[in-house]
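In case it helps, my numbering puts the sequence shown at residues 512 to 702.
Where a beta carbon is used, it is the ideal one built from N, C-alpha and C, also for glycine.
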Amino acid sequence: MTQKPQRRSRAVLAREAAREKAARFRELEDERLRIAESAILIQEEIDDFDEETERRVAKLREERNSQLGEKRQKLDALVVEMLDTEIPAQEASERLGMSVGQVRAAKKSFEQTVAALAEISADSATATADEAAAPSAPSAEEADAAAPAAETAAPTESYDFPPPGGSPTVPAQEGSPENLQDATLPPGSAG
């Protein structure tokens, strides 16, 4: 009968050991979950920080480009102003501390900017005038001026303009489907 108490005590000891291992496993599992949760949160913070940084950098680049554009326009205007004093580009480049190529590029850039601004203002003026003016027939002077221009144009091929609602007649051209029926294909070109 002495064997029964030993077996019970071994079983009890085994259960206690199993409970201790299970408790330790739970503690380790809780610790692993805590670590994983913290790591995921930090990764999200890193992603958010990276996105915010990129947004700020993009905004700074926009501001830089805007300010550089304005400063370059001012510099281009000063270069043109220097050239307007009737000195050669070589001397202007020496006085401005630039190469002759930079002086010429600045002048060209200035002229393009002025032309673009003139075009924009002309387009807006034309649009305003078009909106204000009603459609009207051309004046006698405009009609007379257009007639000689049409007569002097050398007709290369004639086009028959159809009556309203009709289909247009276009002359056949080389390579058009009308001419392909009589054409022979070179060897090896059949697909």
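Which whole-angstrom value is the C-beta distance of Lys570 and Val591, which I expect to be below 8 Å?
In fact, because the Cβ distance is near 32 Å, the residues do not count as touching under 8 Å.
Which residues in the same chain have their Cβ closer than 8 Å to the Cβ of Thr624, if we skip the five residues on either side of it in sequence?
Cβ within range, chain order: Gln584, Asp587.
Rounded to a whole number of angstroms, what is the C-alpha to C-alpha distance between Arg575 and Glu563?
Near 18 Å, if we compare the C-alpha coordinates of Glu563 and Arg575.
Report the rounded CA-to-CA distance for Arg530 versus Glu555, giving the unit in angstroms.
Counting only the Cα atoms, Glu555 lies some 37 Å from Arg530.
Does the Cβ-Cβ distance between Arg615 and Ala638 come in under 9 Å?
The answer is no: Cβ separation not under 9 Å.
DSSP state of Ala660 mapped onto helix, strand, coil:
For Ala660, the pLDDT reaches just 45, beneath the cut-off of 50, and the residue's location in the model is therefore unreliable, although a value from the coordinates is still provided. In the displayed model, Ala660 falls within a helix according to three-state DSSP.
Whole runs of the alpha helix (DSSP H) within the region 553–599, excluding any shorter than 4 residues
Complete alpha helix (DSSP H) runs here, min 4: none at all.
Per DSSP, what kind of secondary structure is Ser610 in: helix, strand or coil?
Note: Ser610 maps to coil in three-state DSSP.
Below 8 Å on the Cβ atoms is my contact criterion, and I expect Ser620 with Val611 to pass it. Report the Cβ-Cβ distance as a whole number of Å.
Not really, about 15 Å apart at Cβ, beyond 8 Å.
Just the Cα atoms here: how many angstroms apart are Glu538 and Arg545?
Glu538 and Arg545: Cα-Cα distance of roughly 11 Å.
Distance, Glu630 Cα to Thr596 Cα
Taking the straight line from one Cα to the other gives about 27 Å.
Buried or exposed for Leu594, please, with buried defined as at least 16 other CB atoms from any protein chain shown within 10 angstroms of its CB.
By the neighbour-count criterion, in which a residue is buried when 16 or more other Cβ atoms sit within 10 angstroms of its Cβ, Leu594 is buried.
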